[in-house]
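Asker: The numbering of the sequence shown is numbering that gives the first Met the number 0, which starts it at 0 and goes up by one.
Glycine is no exception: its CB is placed at the ideal position from the N, C-alpha and C atoms.
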Amino acid sequence: MQEGEVETTICEIDPNKCRGCGFCTMVAMCYSSRGCAGCLSCYWACPYEARVIRRVKEKRRLVRVNINDEDYYVPERITVRKALEMIGFRVGIYPGEGDLQAPCGTGGCWTCAVVVNGELVRSCITPVEEGMKIDTNTSGREPLRIVHGPEPHPVGGKATPWREKKLGRYIEVAIWVAGCNLRCPQCQNYAVTYDNTSTPMTPKEAAKILTYYRRRYRVKGLAISGGEPTLNKRWLIEYFKELRKLNPDKEARLHLDSNGTLLTPDYIDELVSAGCNNIGIEPKGLYVETFMKITGISDKELAERYLKTAWNAIKYVIDHYKEEVYLGVGIPYNKEFMSWEEVAKIGEKLASIDSDVQVCVLDYFPAFRRRDLVRPSVDEMLRVKKILNDAGLKCVIVQTRIGHLGP
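1. Do Ser354 and Lys393 have their CB atoms nearer than 7 Å?
2. In terms of residues, what are the limits of the beta strand (DSSP E) holding Glu6?
3. Using a Cβ-Cβ cut-off of 7 Å (strictly less than) and excluding sequence neighbours within five positions of Ile267, which residues of its own chain qualify?
4. I'd like the span of the beta strand (DSSP E) that includes Phe146, first residue to last.
5. With H, G and I counted as helix, E and B as strand and the rest as coil, what does DSSP make of Ser224?
6. In the DSSP assignment, what are the bridge partners of Gly279?
7. Going by CA-CA distance only, name the one from Tyr93, Ala273, Ala309, Gln357 that's closest to Tyr325.
8. Taking all protein chains shown into account, do 16 or more other C-beta atoms lie within 10 angstroms of the C-beta of Arg80, making it buried, or fewer, making it exposed?
9. If you check the beta carbons only, do Arg54 and Thr24 fall under 7 Å apart?
10. Does the distance from the CB of Cys123 to the CB of Cys38 come in under 7 Å?
11. Looking only at its chain, what residues have a beta carbon closer than 6 Å to the beta carbon of Leu361, apart from the 5 residues adjacent to it on each side?
12. Which of the three DSSP states is assigned to Ala366 in this structure?
13. Only counting runs of 4 or more residues, tell me where the alpha helix (DSSP H) segments fall wholly within the segment 175-224, in order along the chain.
14. Does the distance from the C-beta atom of Ala27 to that of Asn195 stay below 7 Å?
15. Give a single yes or no on whether Thr263 has its beta carbon closer than 6 Å to a heavy atom of the ligand GDP.
16. Less than 7 Å between the beta carbons of Thr260 and Ala309, yes or no?
17. Based on the DSSP output, what are the partners of Ala112 in its beta bridges?
18. At the level of alpha carbons, what is the spacing between Thr263 and Trp175?
19. Please state the DSSP three-state secondary structure of Glu141.
20. Is it the case that the segment 271-290 contacts the segment 339-346, given that we only count it when at least three CB pairs across the two stretches are under 8 Å?
21. Could you name the residues that DSSP lists as bridge partners for Arg60?
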């Protein structure tokens, strides 16, 4: 039996923090039956932070795997992604960067999928096994993504045109996709974001069921949110193309709700070309320190890139697609992470780009790992609205515990 030394990370349960909630067995499941493979999915997903990361350097049995028709020996109890990295594959986050993209790292988005023994699997959470045959070329396979919903919505999202919000009935149908590149401790939708157990859908399947719900509820809007929809680019582009094919009428509003961190100009161009005509972007702060606090991203260089990309996406959509795309900008607010001064600076920056752009301020409430947060009062949110209006923005809506107020 061959052995090799490996230096990696593993997760262990902290019994003092574990509440036995079942999230790690029913929603963010471990796919390694022979011990921790170091994917860290359970670490990021645990609502009570009951997972501890431990660095280990130890000897492990080597297993033979075949990657793109070549045999390699790699340590057992590592993920397919880790094995690919060990033989020289570059793993990226942004579309087109690296030999493989693995932006969520928790198994929900399926961007990192490879073919293993003839089946599409997620390289970020699948452990290697003896004799495993891995093919990194997935071009002949339909992309997959975990999808929740559809559900009808009476309010919509940050980019839902405010005039429709006044109708007092369902105005959109929406789906939510799993996987996110951020690690927001107050994630408002963590049961979707960290889901790696639900059966995934193809773009056509998702577009077909959402279209059915549109006809059932007789609405204009067909929305996709998450998680973060932009993670699996191939899936998302094919989804919008299929959705447009099924909804060719001019009234159809094909709505993307995004954090904007991956929305580069070429990605936006492809989305618009595919049929997307309604985009919501939420730059999580103006200052990188705020962004890092909100998103849980500890790598400052990456945080700066994410934040810059989101702000640039807002300007790009306004400068190049103002007539074709209805844009809405979301601003997260809670006094725990954002000052009045930063709110004002955000307002000034947005007003300098387009004073007419629709802005929706989201009152971040207690959720996930930030159960200690206090939801902003209605008066606080109205003060935020006034600050933004005073900065020159004409269309400001604030989300409050009594509903949406404004513009």
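Answerer: In terms of the structure at hand:
1. Your numbering for residue 354 matches position 355 in the sequence shown. Your numbering for residue 393 matches position 394 in the sequence shown. In this structure, Lys393 lies closer than 7 Å to Ser354 by Cβ.
2. Taking the sequence shown and counting its residues from 1, the one referred to as residue 6 is at position 7. 2-12 is the extent of the beta strand (DSSP E) around Glu6.
3. Translated into the one-based positions of the sequence shown, residue 267 becomes position 268. So the qualifying residues of the chain are Ala312, Tyr315, Val316.
4. In the sequence shown, residue 146 corresponds to position 147, counting from 1. Before going further, note that residue 146 is Val rather than Phe in the sequence given. That run of the beta strand (DSSP E) goes 146-152.
5. Here residue 224 refers to the residue found at position 225 when the sequence shown is read from its first residue. Ser224 falls in the strand class under three-state DSSP.
6. Taking the first residue of the sequence shown as position 1, residue 279 is located at position 280. Answer is Asp256, Gly327.
7. As a first step, residue 325 must be located in the sequence shown, where it is residue number 326. For Tyr325, the nearest C-alpha among the options comes from Gln357.
8. Residue numbering aside, residue 80 sits at position 81 when the sequence shown is read from its first letter. So Arg80 counts as buried.
9. Stepping through the sequence shown from its first residue, residue 54 is reached at position 55. Stepping through the sequence shown from its first residue, residue 24 is reached at position 25. No. Outside cutoff.
10. Stepping through the sequence shown from its first residue, residue 123 is reached at position 124. Stepping through the sequence shown from its first residue, residue 38 is reached at position 39. By the CB criterion at 7 Å, Cys123 and Cys38 fall inside the cutoff.
11. One-based indexing of the sequence shown puts residue 361 at position 362. Excluding its 5 nearest sequence neighbours in each direction, Leu361 has C-beta neighbours in its own chain below 6 Å: Gly329, Pro331, Gln398, listed in chain order.
12. Your numbering for residue 366 matches position 367 in the sequence shown. Strand, per DSSP.
13. 189-192, 202-216
14. As a working mapping, residue 27 is identified with position 28 in the sequence shown. As a working mapping, residue 195 is identified with position 196 in the sequence shown. Contact flag set, yes.
15. As presented, the structure is devoid of all ligands, the ligand GDP included, so that no description of it is given.
16. As a position in the sequence shown, residue 260 is number 261, starting the count at 1. As a position in the sequence shown, residue 309 is number 310, starting the count at 1. Cβ distance < 7 Å, so Thr260 and Ala309 count as in contact.
17. Indexing the sequence shown from 1 puts residue 112 at position 113. Ala112 pairs with Arg121.
18. The residue labelled residue 263 in the question sits at position 264 within the sequence shown. The residue labelled residue 175 in the question sits at position 176 within the sequence shown. Cα to Cα, the separation comes out at about 22 Å.
19. The residue you call residue 141 lines up with position 142 of the sequence shown. If DSSP states are grouped into helix, strand and coil, Glu141 belongs with coil.
20. yes
21. Residue mapping note: residue 60 aligns to position 61 of the sequence shown, counting from 1. BP columns for Arg60 point to Glu2.
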